[in-house]
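Protein sequence lines, in the order shown, are assigned to chains A and B. If you use the numbering used here, the first sequence corresponds to residues 1 to 144, in order. If you use the numbering used here, the second sequence corresponds to residues 1001 to 1085, in order. From the three backbone atoms N, C-alpha and C, an ideal C-beta is built for every residue, glycine too.
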Amino acid sequence: MPTIRIQGATLSYEESDIITFDEGLIGFPQLRRVVLVRQSDIEPFLWLVPLDDERLAFLVVDPRTLVADYEAHVPRDVRARLALDADDRVLMLCMVVMRADPRRSTVNLRAPVLIAARAMRGLQTILADSSYRVDQPLLAAEAA
Amino acid sequence: MLVLSRKSGEKVVIGNEIVVEVLAINGDVVKLGITAPRATSVHRFEVFAEIEAANRAALASCELERELIEQMATRLKREHDRAKP
Chain A
1 MPTIRIQGAT LSYEESDIIT FDEGLIGFPQ LRRVVLVRQS DIEPFLWLVP LDDERLAFLV
61 VDPRTLVADY EAHVPRDVRA RLALDADDRV LMLCMVVMRA DPRRSTVNLR APVLIAARAM
121 RGLQTILADS SYRVDQPLLA AEAA
Chain B
1001 MLVLSRKSGE KVVIGNEIVV EVLAINGDVV KLGITAPRAT SVHRFEVFAE IEAANRAALA
1061 SCELERELIE QMATRLKREH DRAKP
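1) Are the CB atoms of L66/A and P102/A within a distance shorter than 8 Å?
2) Helix, strand or coil for F45/A, going by three-state DSSP, please let me know.
3) On the DSSP letters alone, give me the boundaries of the alpha helix (DSSP H) that R104/A sits inside.
4) Can you check whether the CB of D62/A is closer than 8 Å to the CB of M92/A?
5) Whose Cβ in chain A lies nearer than 8 Å to the Cβ of T1040/B?
6) List, in chain order, every chain B residue whose beta-carbon is nearer than 7 Å to that of G122/A.
7) State yes or no: is the beta carbon of R1047/B nearer than 8 Å to at least one beta carbon in chain A?
8) In terms of residues, what are the limits of the alpha helix (DSSP H) holding I1069/B?
9) In whole angstroms, give me the CA-to-CA distance for T106/A and D135/A.
10) Return helix, strand or coil for P63/A, following the three-state DSSP convention.
11) Listed in chain order, which residues of the segment 1011-1030 of chain B have Cβ atoms closer than 9 Å to some Cβ of chain A?
12) Output needed in chain order: residues of the segment 84-105 of chain A with a Cβ under 7 Å from some Cβ in chain B.
13) How about I1034/B: is its C-beta nearer than 8 Å to some C-beta of chain A?
14) Give the secondary structure of I26/A by DSSP, where H, G and I count as helix, E and B as strand, and everything else as coil.
15) Return no unless some Cβ of chain A is closer than 8 Å to the Cβ of R1056/B.
16) For N1026/B, which beta-bridge partners are listed by DSSP?
17) Just to confirm my understanding: we take I1034/B, look at its own chain, exclude 5 residues before and 5 after, and list those with CB closer than 6 Å. What are they?
18) Is I18/A closer than 8 Å to V49/A when the C-beta atoms are compared?
19) By DSSP, does F21/A sit in helix, in strand, or in coil?
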């Protein structure tokens, strides 16, 4: 079984866990295949781990755990880009910038990663005409 | 880089499906109209560059001590539970 390493831990995954990003991530067009890693001790965070460069891993979080009414209505180009069919479910995740000072840790609500759960295809989109911030503080107190 | 001169009302076609039209020129501002397939995303470059920079910054998180991530996870869970009715 193939494995990946995250923060010193070796984890195994299966071929069926691989999510295809046809366009890569923004600024990283070469990262086409990723796996999503859940570790109970860091939930609600997850790791988005590109298989095409084993040194890299993105910490992500479902924005709705932070902003209850987060509404990224899936832009129409995304439906086409993901070849999304009507009964597939879209998983929404946002990139986290964690810093040693927790008050400076932020989440990118402006450019969510969207994953078609059944088709296992994903992409990162930029929400147009949105007031969501690229660097929204993770802690509510800092956001006020 | 291909450089083309276009007047107001003139167009450029990219590939078979993307058409860029110069709609108006006012001083140093050019207004462009872009027609592209639905699956093609179009953004101002600054926005794209900002997201790219944010993604690069996000990569540094995996170098952080795990304890810091765990602590933040715990705080967020607590905030989230408190927010529930």
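From the atom records:
1) Counting from one through the first sequence, the residue named residue 102/A turns up at place 102. Counting from one through the first sequence, the residue named residue 66/A turns up at place 66. The answer is no: Cβ separation not under 8 Å.
2) On the first sequence, residue 45/A is found 45 positions in, with the first residue counted as 1. It is a strand residue.
3) The residue labelled residue 104/A in the question sits at position 104 within the first sequence. Per DSSP, R104/A belongs to no alpha helix (DSSP H) and is neither H nor E.
4) For this step, residue 92/A is matched to residue 92 along the first sequence. For this step, residue 62/A is matched to residue 62 along the first sequence. Closer than 8 Å, so yes.
5) Start at 1 with the first residue of the second sequence, and residue 1040/B comes out as number 40. Within chain A, the residues near T1040/B are D77.
6) What you label residue 122/A is simply residue 122 of the first sequence in a count that begins at 1. The contacting residues do not exist; G122/A stays about 14 Å from chain B at best.
7) As a working mapping, residue 1047/B is identified with position 47 in the second sequence. Rather than Arg, the amino acid found at residue 1047/B in this sequence is Val. Output row for V1047/B: interface = yes.
8) By 1-based counting over the second sequence, the position of residue 1069/B is 69. Element bounds for I1069/B: R1066 to A1083.
9) Position 106 of the first sequence, counting from 1, holds the residue named residue 106/A. Position 135 of the first sequence, counting from 1, holds the residue named residue 135/A. Rounded to the nearest angstrom, the two C-alpha atoms are 5 Å apart.
10) Position 63 of the first sequence holds residue 63/A. Residue state, collapsed to three classes: helix.
11) none
12) M95, V96, V97, M98, A100, P102 and S105
13) For this step, residue 1034/B is matched to residue 34 along the second sequence. Not an interface residue.
14) Numbered from 1 along the first sequence, position 26 holds the residue referred to as residue 26/A. DSSP places I26/A in coil when its eight states are reduced to three.
15) Residue 1056/B sits at position 56 when you count from the first residue of the second sequence. Chain A, which has a Cβ nearer than 8 Å to the Cβ of R1056/B, makes this yes.
16) On the second sequence, residue 1026/B is found 26 positions in, with the first residue counted as 1. Looking at the DSSP assignment, N1026/B forms a beta bridge with V1029/B.
17) Residue 1034/B sits at position 34 when you count from the first residue of the second sequence. Result list for I1034/B: V1020 and V1042, in chain order.
18) Position 49 of the first sequence, counted from the start, is the residue given in the question as residue 49/A. Position 18 of the first sequence, counted from the start, is the residue given in the question as residue 18/A. No, the Cβ-Cβ distance between V49/A and I18/A is not below 8 Å.
19) As a position in the first sequence, residue 21/A is number 21, starting the count at 1. In the structure shown, F21/A sits in coil (DSSP, three-state: anything other than H, G, I, E or B).
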